[in-house]
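S.K.:
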Amino acid sequence: MAATDLERISNVEPESRSLSLGGHVGFDSLPDQLVSKSVTQGFSFNILCVGETGIGKSTLMNTLFNTTFETEEASHHEECVRLRPQTYDLQESNVHLKLTIVDAVGFGDQINKDDRPIVDYIDAQFENYLQEELKIRRSLFDYHDTRIHVCLYFITPTGHSLKSLDLVTMKKLDSKVNIIPIIAKADTISKSELHKFKIKIMGELVSNGVQIYQFPTDDEAVAEINAVMNAHLPFAVVGSTEEVKVGNKLVRARQYPWGVVQVENENHCDFVKLREMLIRVNMEDLREQTHSRHYELYRRCKLEEMGFQDSDGDSQPFSLQETYEAKRKEFLSELQRKEEEMRQMFVNKVKETELELKEKERELHEKFEHLKRIHQEEKRKVEEKRRELEEETKAFNCRKAAMEALQSQAMHATSQQPLRKDKDKKKASGWSSIYSVTIP
Ligand code: GTP
Ligand code: MG
0 MAATDLERIS NVEPESRSLS LGGHVGFDSL PDQLVSKSVT QGFSFNILCV GETGIGKSTL
60 MNTLFNTTFE TEEASHHEEC VRLRPQTYDL QESNVHLKLT IVDAVGFGDQ INKDDRPIVD
120 YIDAQFENYL QEELKIRRSL FDYHDTRIHV CLYFITPTGH SLKSLDLVTM KKLDSKVNII
180 PIIAKADTIS KSELHKFKIK IMGELVSNGV QIYQFPTDDE AVAEINAVMN AHLPFAVVGS
240 TEEVKVGNKL VRARQYPWGV VQVENENHCD FVKLREMLIR VNMEDLREQT HSRHYELYRR
300 CKLEEMGFQD SDGDSQPFSL QETYEAKRKE FLSELQRKEE EMRQMFVNKV KETELELKEK
360 ERELHEKFEH LKRIHQEEKR KVEEKRRELE EETKAFNCRK AAMEALQSQA MHATSQQPLR
420 KDKDKKKASG WSSIYSVTIP
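Counting in numbering that gives the first Met the number 0, the final residue of the sequence shown is number 439, and the numbers go up one at a time with none missing.
Quick look at the structure:
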């Protein structure tokens with residue numbers, strides 16, 4: 000069967016008709032089956048806390064989950080921003096929750112204004128999930144999903160406006176994670192200032208195009224409450240694990256000389272609203288949004304980067320094999336190009352070295368010729384000197400021979416007339432005068 004026929008067949012959607020059932024069949028229990036399966040499987044939920052050191056992140060987490068998580072205080076002298084994830088197994092009734100709280104330690108401190116580690120951490124969790132999905136033998140069923148479902152962004156209760164660091168960071172995070180902005184330590188700001196601060200923050204977020212998480216209003220069951228709560232953003236919260244007696248009840252509160260701030264009193268702060276929205280009403284939507292919106296965006300960009308497309312220019316359906324072949328060809332031609340480039344580089348290098356060597360050889364040759372000339376000149380001079388010396392020696396020898404001859408004649412004469420000493424002496428002096436005349 001031709002490929003186009005196969006495509007045509009697979010693209011034909013079966014027609015569906017509505018039929019009524021004669022009696023109870025049982026598939027109405029599907030939602031229950033789903034719930035039961037999910038409960039057995041358990042859930043995971045991952046919260047990222049971003050806010051400056053000592054803003055109240057750990058206290059709020061403890062207050063939200065009504066427990067004490069192990070935390071170490073961050074110092075104000077961290078060298079860089081680092082992400083510290085901690086996972087806990089919690090159980091409420093028969094529901095198991097694997098909760099991971101990730102702290103952005105050192106963020107916003109002095110020179111640690113870098114948001115890169117936060118973005119990288121979020122991406123790394125998406126990448127891990129994508130790698131698991133792309134495996135031939137994947138085990139997504141029991142995979143520990145560490146993708147961040149919500150980022151609680153702690154705003155300092157200045158009453159002025161958002162810091163530019165907050166705006167820049169939220170802008171970078173908004174396409175990667177559901178952001179819920181919260182005003183921390185809301186008990187340190189007066190009610191009227193808080194009201195104005197909230198309006199100002201929302202205005203700044205809108206004017207800077209920062210997309211924060213909106214509680215969904217498409218599900219009828221929660222549409223109303225979510226719409227009301229969206230209008231209360233950013234939530235102004237107070238955290239405390241301290242219990243104070245108010246009336247005859249023990250409540251979590253912060254006690255001051257002038258009064259008590261009750262964490263769960265909606266007239267005092269928005270803690271209850273945050274807990275309702277984050278845990279009781281929208282936890283599943285946050286998980287859903289993370290998967291269908293943020294992860295989907297990451298996955299799409301990543302696959303496109305790798306060369307995958309849903310359809311080509313002629314709207315042909317996506318073929319994994321074709322994409323793979325195209326990528327393989329692209330890779331091989333790139334490899335060939337690199338190989339050719341390296342070969343050319345090698346040839347050039349050899350040529351260059353050859354030229355250098357030739358130049359060196361020529362220089363050496365010239366040096367040799369020069370030395371040879373000097374040597375010959377020296378040799379010629381020495382030769383000349385030798386000749387001169389030889390001539391001098393010859394002349395000397397001649398003079399020496401003449402002298403010796405004269406001396407022997409003189410001696411012969413002396414032996415023949417031994418008694419005429421004085422006369423001989425005179426003669427000898429006469430010889431010496433002859434000698435002085437003969438020898439120049
Ligand atoms: P690091 O993890 O060290 O960055 O600090 P953190 O952001 O986790 O702050 P933490 O919860 O340790 O709180 C720091 C201090 O702020 C503690 O003394 C808390 O008691 C106090 N604190 C926490 N929440 C609030 C609050 O809502 N209001 C006020 N006034 N103080 C708070
Ligand atoms: Mg802390």
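Quick reminder that beta carbons are idealized off the backbone N, C-alpha and C, glycines included.
As the structure is a computational prediction, the values presented were derived from the model and not from experiment.
(1) Relative to the C-alpha of residue 288, which residue among 160, 150, 413 is closest?
(2) Over the uninterrupted beta strand (DSSP E) stretch that includes residue 90, give me the two end residues.
(3) Ligand 2 and residue 441: does the residue's C-beta get closer than 7 Å to at least one heavy atom of that ligand?
(4) For residue 307, which option in 326, 291, 292 has the closest C-alpha, if you only look at C-alpha atoms?
(5) Is residue 70 near ligand 2, with its Cβ less than 7 Å from a heavy atom?
(6) When the Cα of residue 174 is compared with those of 194, 210, 249, which residue comes out closest?
(7) Residue 387 to residue 408, Cα distance in whole Å?
(8) Quick check on the burial criterion: 16 or more other C-beta atoms within 10 angstroms. Buried or exposed for residue 93?
(9) Three-state secondary structure (DSSP) at residue 442?
(10) Grouping DSSP H, G and I as helix and E and B as strand, with all else coil, what is residue 251?
(11) Quick check on the DSSP output: the beta strand (DSSP E) that includes residue 45 runs from which residue to which?
(12) Could you give the DSSP three-state label for residue 490: helix, strand or coil?
(13) How big is the Cα-Cα spacing for residue 231 and residue 20?
(14) Could you spell out where the beta strand (DSSP E) holding residue 165 opens and where it closes?
(15) Give me the Cα-Cα distance between residue 238 and residue 121, rounded to the nearest whole angstrom.
(16) Cα-Cα, which of 105, 282, 157 is closest to residue 189?
(17) Using a Cβ-Cβ cut-off of 8 Å (strictly less than) and excluding sequence neighbours within five positions of residue 204, which residues of its own chain qualify?
(18) Let me check you understand the geometry: is the CB of residue 184 closer than 7 Å to at least one non-hydrogen atom of ligand 1?
(19) Using 10 angstroms around the beta-carbon of residue 86, count the other beta-carbons present and answer buried if the total reaches 16, otherwise exposed.
(20) Less than 7 Å between the CB of residue 108 and some heavy atom of ligand 2, yes or no?
(21) If I follow the unbroken beta strand (DSSP E) through residue 150, where does it start and stop?
(22) Quick check on residue 230: does DSSP put it in helix, strand or coil?
(23) Could you tell me whether any non-hydrogen atom of ligand 1 is closer than 7 Å to the CB of residue 253?
(24) Going by the beta-carbon positions, is the gap between residue 286 and residue 62 smaller than 8 Å?
(25) Are residue 184 and residue 55 closer than 8 Å when you measure CB to CB?
(26) Going by C-alpha to C-alpha distance, which of 263, 146, 194 sits closest to residue 248?
(27) Looking at the unbroken alpha helix (DSSP H) that takes in residue 217, where does it start and where does it end?
M.R.: In this structure, then:
(1) 150
(2) 81-91
(3) No answer is possible for residue 441: it lies beyond the span of the chain, which begins at 0 and ends at 439.
(4) 326
(5) yes
(6) 210
(7) 32 Å
(8) exposed
(9) In the structure displayed, the chain extends from 0 to 439; residue 442 sits before or after that span and is not available.
(10) strand
(11) 42-49
(12) The requested residue 490 does not occur in the structure, where the chain is confined to residues 0 to 439.
(13) 48 Å
(14) That residue, residue 165, is in no beta strand (DSSP E); its alpha helix (DSSP H) goes 163-172.
(15) 26 Å
(16) 157
(17) 161, 166, 169, 180, 211
(18) yes
(19) exposed
(20) no
(21) 149-154
(22) coil
(23) yes
(24) no
(25) yes
(26) 263
(27) Unbroken run through residue 217: none, as it is neither H nor E.
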